[in-house]
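Numbering of the sequence shown is given in the UniProt record's numbering, commencing with residue 1 and proceeding in unit increments.
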Amino acid sequence: MNRSQFIKSVSAAALALKFNNLFAQNEANYDWQKIVEANNKAVSEILKATQTGLKTLKRSLGFDLANLAAGFSEKTSNYYEKEELISSMKVISEFIISQQKADGTLDFGNLSSPPDTAFIIEPICAAGNILKGNTKCQEVSLLIKKIIEKAGAGLAVGGVHTPNHRWVVCAALAKINHLYPNPKYTKRITEWLSEGVFCDKDGIYLERSMTYAEVIDRSMITVATCTNRPELLKMVERNLHWVYECMEPNGNLVTFPSRRQDAYLNWNILLFYPQYRFMANKFNDGFMGSVAAFIENMPGFDPTISKDLLYLFLEDDILAKKYPTKPLPTDFQKFYAGINMLRGRKGEETFTLFGGTDQPIIIGSGRSTNPSFFGMQKGKAVLKHIRMSSSFFSTGFFRSEGIKKVGNQYHLYQKIEAPYYQPLPDKYKKANGDYELSQSTDRRFWNKMDFKNRPKSNISVLEYKVVFEEINGEKVLNFDVRGTNGVPVVIELTFTKGGKLMGCESIAGSEENFSIKDKEASYEFEGNKIIFGPGEFAHQTVNNMEGEMYSTHFGSLRSNGMHVYITGRTPFVHTLKIS
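Dropping the structure here:
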């Protein structure tokens, strides 16, 4: 099971978590012996894996090395100063050395990759730091030093691909410099940091990704600590507040705005544990401590987080302090103007309104394109998302051009124009008919037609308007789609599997697609209920909602779940109420 699959399984298990368990373990705050036992278990598995040598380079080898170093150095460990750990550390170290390129980098999918090398070097530096000065494993320490210094040479000059890569490289260089000081490391850190670390007033980084927020927070803490740049921790503080505000009561995280691969994944807050714990102890911050305590009580904490805690605690003893706590806010509504997202919570009930996809819509890593514009959770009942599409020239899903706040209402809007093209003016004509390969002006397709120089005619227009407001706790979505008449429109509500739909009927015998047969329907999961309606079902065109951008590549954005559809034709006006 890979990390993504594990996080998904933990997300499902975490539905049982309640906030009233939050302070259950605060008296002890952490159990050192439990942390050591988790390391014992991890070390046992690592020893088995290294008995017959290594054949595949994985990032996890860096963590394996750190965990072995921690087990070897901790007096209460079952493996304290055991010779077999020295042998295993040598196997890992020598294998990594054998895989390093001439410039010190490693291959992890990306070839000779400085940022991927930085990811594995961080825990290797932790191993080096823990073993530093230990006379019983000097040979291992020398091997680790060889890995680190060779990698450091490559990281001090190597490039990156993405925004977060800059800070991962900085963090690795900061740790390397802490062990083996060299001006070239600090010079490169300063050079990258001089570009500026973007973090808006709400604490949101450029990639708007939970996966990489965790990476950046970790990197900023490392750079701040190792290079005496405490100002970087202000960004970490803001981001961790935003992450909490995007957290569901079960620990899952909202990923609608993400510009990276987690935009469509189930993700949760587990991996942020060291960051919350560090900030709690660094600043005596009860909010941070309470989130750390919440994470400790999540299903999956022990197998996911505990196994790496011993090396983290030995590397930085601030983590081992008892952190303060205070009641967490569970009643708020916040609008994040920078990403066009509204987030609300009242106890066990949350909702998200999103209208911040990157315009124009271009499908690719690094751009926000998730068409989900509303989601809601009520206890264990989860409305994963609402999406809207139409049969308007295969333009696909509605994606709002931002959110405009008007009084207590939030307005989402998108206008689409689909033209036909006239003959080229004489001055652009070519005798051989070989014209520029270009994209149509509505960005749906490409052809050798020199579209930009062609007159347009027969332009069809479709305007989507969605107005959201909360009235006495009820979420109200007013839809108005008009322009070209007679266009089929479909609204999709997707609920998590395993619940019970009432007031709905199957569409064409499907076990996954439903319509609302009454004025009001409901979805129930383990005693928690979401009520929604009224319905409308004017046509059965509910498939292939993605449009030509996806169908050309045989792609789909349909998610797992129970799908309820509302359909109509333009001009289409409908009010959907959810509670």
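Ideal placement from N, C-alpha and C gives every residue a C-beta, glycine not left out.
Distance, residue j Cα to residue i Cα
i           : j           : result
residue 8   : residue 270 : Bear in mind that a pLDDT of 44 at residue 8, under 50, signals an unreliable position, so the number given afterwards is only what the model happens to contain. If you take the alpha carbons of residue 8 and residue 270, they lie about 11 Å apart.
residue 338 : residue 200 : 7 Å
residue 51  : residue 244 : 42 Å
residue 554 : residue 401 : 26 Å
residue 562 : residue 497 : 6 Å
residue 346 : residue 475 : 13 Å
residue 456 : residue 423 : 9 Å
residue 177 : residue 316 : 16 Å
residue 344 : residue 533 : 21 Å
residue 34  : residue 478 : 52 Å
residue 266 : residue 304 : 16 Å
residue 506 : residue 513 : 6 Å
residue 73  : residue 231 : 33 Å
residue 108 : residue 159 : 15 Å
residue 229 : residue 250 : 34 Å
residue 420 : residue 454 : 10 Å
residue 167 : residue 399 : 31 Å
residue 544 : residue 58  : 38 Å
residue 219 : residue 233 : 10 Å
residue 407 : residue 355 : 17 Å
residue 397 : residue 552 : 15 Å
residue 289 : residue 276 : 7 Å
residue 536 : residue 518 : 9 Å
residue 363 : residue 557 : 12 Å
residue 71  : residue 311 : 8 Å
residue 23  : residue 499 : With a pLDDT of 35 at residue 23, under the threshold of 50, the modelled position of that residue is not reliable, and no figure is offered here.
residue 425 : residue 360 : 27 Å
residue 462 : residue 412 : 14 Å
residue 137 : residue 225 : 27 Å
residue 149 : residue 182 : 10 Å
residue 258 : residue 214 : 13 Å
Where the alpha helix (DSSP H) containing residue i begins and where it ends
i           : result
residue 508 : From DSSP, residue 508 is part of no alpha helix (DSSP H); its letter is neither H nor E.
residue 42  : 32-50
residue 219 : 210-227
residue 239 : 232-245
residue 461 : Taken as a continuous stretch (DSSP letters only), residue 461 belongs to no alpha helix (DSSP H), being part of the beta strand (DSSP E) at 456-471.
residue 150 : 138-155
Span of the beta strand (DSSP E), counted from its first residue to its last, around residue i
i           : result
residue 521 : 521-525
residue 275 : From DSSP, residue 275 is part of no beta strand (DSSP E) but of the alpha helix (DSSP H) over 273-283.
residue 483 : 474-483
residue 350 : 349-354
residue 321 : Residue 321 -> no beta strand (DSSP E), and no H or E assigned at all.
residue 419 : 409-421
Beta-bridge pairing of residue i - partner residues as DSSP gives them
i           : result
residue 569 : 488
residue 549 : Looking at the DSSP assignment, residue 549 forms no beta bridge with any residue, so it has no partner.
residue 84  : According to DSSP, residue 84 bridges with nothing at all.
residue 331 : 346
residue 100 : According to DSSP, which records beta bridges pairwise, residue 100 is partnered with nothing at all.
residue 325 : Per DSSP, none; premise fails for residue 325.
residue 132 : Its beta-bridge partners do not exist; DSSP assigns none.
residue 634 : Missing from the structure shown is residue 634; the chain here goes from 1 to 579 and no further.
residue 574 : 479
residue 448 : 437
residue 405 : 410
Contact check, residue i vs residue j, beta carbons under 8 Å
i           : j           : result
residue 460 : residue 393 : yes
residue 203 : residue 165 : no
residue 570 : residue 486 : yes
residue 578 : residue 530 : yes
residue 367 : residue 492 : no
residue 372 : residue 256 : yes
residue 179 : residue 129 : yes
residue 205 : residue 260 : no
residue 235 : residue 197 : yes
residue 187 : residue 222 : no
residue 323 : residue 370 : no
residue 325 : residue 286 : yes
residue 428 : residue 342 : no
residue 36  : residue 67  : no
residue 170 : residue 189 : yes
residue 38  : residue 307 : yes
residue 565 : residue 490 : yes
residue 390 : residue 466 : no
Chain D within 8 Å of residue i, Cβ atoms only
i           : result
residue 576 : Among the protein chains of the structure shown there is no chain D, as only one such chain exists.
Is it the case that the segment 429-443 contacts the segment 413-421, given that we only count it when at least three CB pairs across the two stretches are under 8 Å?
With a cut-off of 8 Å, the segment 429-443 and the segment 413-421 count as touching, because enough Cβ pairs lie within range.
Touch test, the segment 143-157 against the segment 112-122, Cβ-Cβ under 8 Å, three pairs minimum
Contact annotation: the segment 143-157 touches the segment 112-122, with at least three C-beta pairs closer than 8 Å.
Counting pairs of beta carbons, one from the segment 427-436 and one from the segment 375-389, are three or more of them closer than 8 Å?
Verdict: no, contact absent.
Between the segment 318-337 and the segment 78-98, do at least 3 Cβ pairs fall closer than 8 Å?
Because the criterion of three Cβ pairs below 8 Å is not met, the segment 318-337 and the segment 78-98 do not touch.
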